[in-house]
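A.B. asks:
Residue numbers (the numbering used here): 8 to 352.
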């Protein structure tokens, strides 16, 4: 292992004050006398004392702003060992990576994912879950803005891999897969990409977030390349049509030109049936879904290229810039040019 990775691992292994407090309470016999003595001993740390004694006060719904700074698209956080278990959900995507040891990922419906060293759990937004780490295991949580996930998906991994289908379902389908588990079996290259992201986060300069996002894109591509056959998908109990994913993929790959009649012909459906199927899959009409796909590509073009609004409109498949501007204004309550200026970093 490279020296810088060894130093980072040493840093992550160090017990933090909150972890020691959590462990003390976990190991303690919960008599009234002991609980009172514990409270008096840690009175100065009222926040963590309250958490460990009354975990029900922890928020069950996390918005992005709770853990991600305005300047961050990705945040890497060590999961505190012995932190009380509680069910929660969040608006962002999350990856749970076990560096060594183990952890249990639990769900209210009784499902449980037992993760061991090298496992990566990729968790959808709004999935209620809880994480249990009650020993010296080392677990990293990677929190990723929804918009950042969308940008990575739109620009890099639109293929037929399981991870691509996972992204696509979460963005466009009403039938979502709650999580994926990758069994990387201690793959050092995958681990090192995560370590590189963590080390970059420690730089805390104006370039860090951009570099982390670039590393994350490579990470997902390598994860797909190296472990596409090492994926565990939970049983959801839901039926999915034979062509559900193929319909969405075709629209994503041909968003600038696709029509409902073309899509129907491609998959040998009647136009009314294809229209109904799109509605069942995505919760939107064909026109609404196509507009959503085009606008999300438009947002990406506005923020990541120097293309003019007219050029972007043409790439998206609009017959004239005025139509694109009008549609964009309806969804964002601002013009494409205003959106670009507002989000220009």
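We treat Cβ as the ideally placed atom computed from N, Cα and C, and that holds for glycine. Bear in mind the structure is a predicted one, so any value in this text is a computation, not a measurement.
My output table needs one value for residue 92: the three-state DSSP class, helix, strand or coil.
C.D. replies: Against the chain shown, residue 92 aligns to sequence position 85. Note: residue 92 maps to coil in three-state DSSP.
A.B. asks: How would you label residue 35, buried or exposed, when you count the other beta carbons within 10 angstroms and need 16 or more for buried?
C.D. replies: Along the chain shown, one-based indexing puts residue 35 at 28. Classification of residue 35: exposed, given that the 10 Å Cβ count is below 16.
A.B. asks: Run the CB neighbour count on residue 341, radius 10 Å, all protein chains shown included, and call it buried at 16 or more, exposed below.
C.D. replies: Taking the first residue of the chain shown as 1, we reach residue 341 at position 334. Residue 341 is exposed by the Cβ-count criterion.
A.B. asks: For the putative contact between residue 105 and residue 123, defined by C-beta atoms under 8 Å, what is the C-beta separation to the nearest angstrom?
C.D. replies: As a first step, residue 105 must be located in the chain shown, where it is residue number 98. As a first step, residue 123 must be located in the chain shown, where it is residue number 116. With 8 Å as the limit, residue 105 and residue 123 qualify as a contact, their Cβ atoms being about 6 Å apart.
A.B. asks: Can you give me the start and stop residues for the alpha helix (DSSP H) that residue 260 sits inside?
C.D. replies: The sequence position of residue 260 within the chain shown is 253, counting from 1. Its alpha helix (DSSP H) spans residues 251-260.
A.B. asks: Between residue 226 and residue 8, what straight-line distance do the alpha-carbon atoms span, to the nearest angstrom?
C.D. replies: Within the chain shown, residue 226 is the residue found at index 219, counting from 1. Within the chain shown, residue 8 is the residue found at index 1, counting from 1. Answer to the nearest angstrom: the Cα atoms are 19 Å apart.
A.B. asks: Could you check if residue 268 is buried or exposed, using at least 16 other CB atoms within 10 Å of its CB as the buried criterion?
C.D. replies: For the purposes of this step, residue 268 is taken as residue 261 along the chain shown, with counting starting at 1. Looking at its Cβ environment, which holds fewer than 16 other Cβ atoms inside 10 Å, residue 268 is exposed.
A.B. asks: Going by beta-carbon coordinates alone, are residue 310 and residue 347 separated by less than 8 Å?
C.D. replies: On the chain shown, position 303 is the one that residue 310 refers to. On the chain shown, position 340 is the one that residue 347 refers to. In this structure, residue 347 lies closer than 8 Å to residue 310 by Cβ.
A.B. asks: Mind pulling the beta strand (DSSP E) runs of 3 or more residues that sit fully within the segment 45-108?
C.D. replies: As far as the segment 45-108 is concerned, its whole beta strand (DSSP E) runs of at least 3 residues are 81-85, 100-107.
A.B. asks: With which residues is residue 128 paired in a DSSP beta bridge?
C.D. replies: Here residue 128 refers to the residue found at position 121 of the chain shown. Residue 128 pairs with 103, 188.
A.B. asks: Quick check on residue 148: does DSSP put it in helix, strand or coil?
C.D. replies: Mapped onto the chain shown, residue 148 falls at position 141. Correct three-state label for residue 148: strand.
A.B. asks: What is the DSSP secondary structure of residue 305, reduced to helix, strand or coil?
C.D. replies: As a first step, residue 305 is located in the chain shown; it is residue number 298 there, counting from the start. Residue state, collapsed to three classes: helix.
A.B. asks: Is the beta carbon of residue 112 less than 8 Å from the beta carbon of residue 151?
C.D. replies: Position 105 of the chain shown, counting from 1, holds the residue named residue 112. Position 144 of the chain shown, counting from 1, holds the residue named residue 151. For residue 112 and residue 151, no; Cβs fall outside 8 Å.
A.B. asks: When you compare each of 52, 39, 187, 175 to residue 120 by their alpha carbons, which one comes out closest?
C.D. replies: The residue you call residue 120 lines up with position 113 of the chain shown. Cα-wise, what sits closest to residue 120 is 187.
A.B. asks: For residue 200, which residues from the same chain have a beta carbon less than 7 Å from its beta carbon, with the 5 sequence-adjacent residues on both sides left out?
C.D. replies: Against the chain shown, residue 200 aligns to sequence position 193. Excluding sequence neighbours, residue 200 sits near 222, 225, 226, 229.
A.B. asks: Enumerate, from N- to C-terminal direction, the unbroken alpha helix (DSSP H) stretches of 4 or more residues contained entirely within the segment 285-342.
C.D. replies: The segment 285-342 contains these whole alpha helix (DSSP H) runs: 293-311, 316-323, 328-339.
A.B. asks: Under a three-way DSSP split, which group does residue 23 fall into?
C.D. replies: For this step, residue 23 is matched to residue 16 along the chain shown. In this structure, residue 23 counts as coil in the three-state DSSP scheme.
A.B. asks: Excluding the 5 residues flanking residue 207 on each side, which residues of the same chain have their C-beta closer than 6 Å to its C-beta?
C.D. replies: Here residue 207 refers to the residue found at position 200 of the chain shown. The answer, listed in chain order, is 215, 218, 219.
A.B. asks: Going by C-alpha to C-alpha distance, which of 240, 296, 83, 134 sits closest to residue 68?
C.D. replies: The count along the chain shown starts at 1 and reaches residue 68 at position 61. Selected option, being the one with the closest Cα: 134.
A.B. asks: When we look at the beta-carbon of residue 126 and count the other beta-carbons within 10 Å, is it buried (16 or more) or exposed?
C.D. replies: Residue numbering aside, residue 126 sits at position 119 when the chain shown is read from its first letter. The residue in question, residue 126, is buried, as its Cβ has 16 or more Cβ neighbours within 10 Å.
A.B. asks: Figure out for me which residue from 131, 350, 136, 108 has the closest Cα to the Cα of residue 118.
C.D. replies: As a position in the chain shown, residue 118 is number 111, starting the count at 1. The residue with the shortest Cα to Cα distance from residue 118 is 136.
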